[in-house]
Amino acid sequence: MAARPKGLTRLTLVVLLALAATGAAQQGAAAPKRIVSLVPALTEMLFAFGAGPQVVGVSSYDDFPPEVKSLPRVGALLDPDMERILSLRPDFVITYGSQTDVQTQLARAKIRAFSYRHAGLDSVLSTIRNLGTSVGRARESERLARDIQGRLDATRARVAKLRPLRTLLVFERDPASLRGVYASGGYGFMHDILGVAGGTDMFDDVSRESVQPSVETILARAPEVILEVRPMGVAKADIEKERHAWDALPSVPAVRNGRVYIATDEYLVVPGPRVAQAAEAIARILHPEAFR
5 MAARPKGLTR
15 LTLVVLLALA
25 ATGAAQQGAA
35 APKRIVSLVP
45 ALTEMLFAFG
55 AGPQVVGVSS
65 YDDFPPEVKS
75 LPRVGALLDP
85 DMERILSLRP
95 DFVITYGSQT
105 DVQTQLARAK
115 IRAFSYRHAG
125 LDSVLSTIRN
135 LGTSVGRARE
145 SERLARDIQG
155 RLDATRARVA
165 KLRPLRTLLV
175 FERDPASLRG
185 VYASGGYGFM
195 HDILGVAGGT
205 DMFDDVSRES
215 VQPSVETILA
225 RAPEVILEVR
235 PMGVAKADIE
245 KERHAWDALP
255 SVPAVRNGRV
265 YIATDEYLVV
275 PGPRVAQAAE
285 AIARILHPEA
295 FR
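Yeah, the sequence shown ends on 296 if you go by our numbering, and it's all consecutive.
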């Protein structure tokens, strides 16, 4: 049996589940009218293909598009508030694949659930299409997916004749030091975006989404570009100070040639409708000559 969410009494849960099940039975297989999303990237998808008016609740971390800021918050990956979710009377809930307890509660209430798992860039496009079909927006979501693919193809074409640059793509490290570095491995949507943008992932041969390389490994692999994508890890006022932390490795080509960059735009790390924008932004960093 799934664990009862903290603060939720058994009586309240039973009542809410019964009400939700009644509402779901009335809805049948029709396109959902009341959607709750626990996944910010998929919330963006809903709004991007026109299903925003159907959204009645979002996660604690949703902040785009601006319309979500006025919607009720229902927790997130580690702290979903089941009582809050059910009180919104949803007929469709978007969850992470690992939220098995939430999915069990929703199944008990006969509420349709859409389970999302993080994967590569192709998965972003297929998720847009599948989600759109699930919420009655198949035509709009197909149009969106094609538009994104077209923009990705355009960026790829821009840099196609240029030599791919061996890039260390960093997601995290300790402030003002080179300890605790987490970088892109050979899998995941950020790895794929780097390829579209004209970069070669320095850890392309590692079949993981992220790696934790030592300083010795970074020295040995000698990246031509170091790109840190850290929207929540670096304040804009600290960018220069953090960039100079890499001066401790003067023999690395990226450091020697002044090709260390820190990008703090949040959309760069969201596997949603703005992936084409992210690919172009990274391509402009790696190959500015292609955009002159």
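Backbone N, C-alpha and C define an ideal beta-carbon position, used for all residues, glycine too.
Between residue i and residue j, is the Cβ-Cβ spacing less than 8 Å?
i	j	result
R234	F175	yes
P36	Q58	yes
T47	V72	yes
L148	A280	no
A283	I197	yes
A180	K245	yes
P275	H122	yes
A287	L231	no
I289	Y271	no
R167	P94	no
L75	G54	no
V229	L169	yes
M86	Q107	no
S130	G101	no
Name the residue from the options whose alpha carbon lies nearest to the alpha carbon of residue i.
i	options	result
R112	S127, I132 and L90	L90
G203	R143, H291, F53 and V106	H291
I132	L50, R183 and A187	L50
V200	R38, V238, Q153 and D178	Q153
A239	E220, D269 and E213	D269
E220	R183, R247 and S130	R183
L173	D205, D151 and T159	D205
Residue i bridges to which residues according to DSSP?
i	result
S119	T99
I230	L172 and V264
V2	What is shown of the chain runs 5 to 296, which leaves residue 2 out entirely.
I274	In the sequence under discussion, the amino acid at residue 274 is Val, which differs from the Ile named in the question. For V274, which the question treats as bridged, DSSP gives no partner whatsoever.
Y186	E176
I think residue i touches residue j, with their Cβ atoms under 8 Å apart; what is that distance to the nearest whole Å?
i	j	result
S64	A45	Rounded, the Cβ-Cβ distance is 14 Å, inconsistent with contact.
P257	P227	7 Å
V78	L42	7 Å
A117	V97	5 Å
V215	G189	5 Å
Checking contacts by CB at 8 Å: is residue i closer than that to chain D?
i	result
A224	Here chain D cannot be found, since the structure has a single protein chain.
- prompt: Taking three-plus beta-carbon pairs below 8 Å as touching, is the region 209-219 in contact with the region 133-151?
  reply: no
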